[in-house]
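J.: Residue numbers (this note's numbering): 5 to 136.
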Amino acid sequence: MSVPCEIAVKCVLPSVRAMIAKELTAKHGLKQEEAAKLLGVSQPAISLYYRKMRGKSIDLENDSDITRLIESLADSLATNDLSRKEFIIKFCEICKTIRAKGLLCKMHKAFDPAVNIEECGLCLGADSLKCT
5 MSVPCEIAVK CVLPSVRAMI AKELTAKHGL KQEEAAKLLG VSQPAISLYY
55 RKMRGKSIDL ENDSDITRLI ESLADSLATN DLSRKEFIIK FCEICKTIRA
105 KGLLCKMHKA FDPAVNIEEC GLCLGADSLK CT
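#1: In the DSSP assignment, the alpha helix (DSSP H) including Cys-9 goes from what residue to what residue?
#2: Within this structure, are the beta carbons of Leu-42 and Leu-34 separated by less than 9 Å?
#3: Considering Thr-101, what are the terminal residues of the alpha helix (DSSP H) in which it resides?
#4: Go through its chain and collect everything with a Cβ distance to Ser-76's Cβ below 8 Å, but skip five positions before and after it.
#5: Using the three-state DSSP reduction, which class does Met-23 fall into: helix, strand or coil?
#6: Go ahead and label Arg-21 buried or exposed: buried means 16 or more other beta carbons lie within 10 angstroms of its beta carbon, across all protein chains shown.
#7: Between the alpha carbons of Cys-109 and Gly-44, how many angstroms are there, rounded?
#8: Could you please give the first and the last residue of the uninterrupted alpha helix (DSSP H) stretch that includes Ile-50?
#9: Roughly how many angstroms separate the alpha carbons of Ala-104 and Arg-72, rounded to a whole number?
#10: So does the stretch 79-96 actually touch the stretch 116-131, counting three or more Cβ pairs closer than 8 Å?
#11: My understanding is that Cys-127 touches Pro-18, with C-beta atoms under 8 Å, so please give their C-beta distance in whole angstroms.
#12: Please list, in chain order, all residues of the same chain as Ala-99 whose beta carbon is under 8 Å from its beta carbon, the five residues on each side excluded.
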């Protein structure tokens, strides 16, 4: 039995990090080492994100809400205008938004076939945003 947060760690976290890394390197001109330091990952991880060899399990780039949140987080990281607590809050907001939109459901079903995504509804809607 798996819970949505497990799926988020396996699938969503790398995809979000990949999008943030892309923003930091492409938009803000940071080197991979600098982006890695800001995200708390290694430079090779950033390279894998950039080459789409990691962080590709869920496509979030076509969702304007998610993209806006990621751009905001990357902007704050690039300008060093973010405490650790603020980083966590913003990152969790991205994850909660992904869950609330139902973008995690099919993956959850793939990891745990016992999940009935038609009846579950745990991640959907405004109440799911009250996680933290």
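Backbone N, C-alpha and C define an ideal beta-carbon position, used for all residues, glycine too.
From a predicted model like this one, the values you see are computed outputs, not experimental measurements.
T.: In this structure, then:
#1: 8-11
#2: yes
#3: 88-104
#4: Lys-94
#5: helix
#6: buried
#7: 28 Å
#8: 47-54
#9: 16 Å
#10: no
#11: Not confirmed; about 19 Å, so no contact.
#12: Here the sequence assigns Cys to residue 99, which means Ala is not the residue at that position. So the list reads Ala-12, Val-16, Leu-17 and Val-20, once near-sequence residues are dropped.
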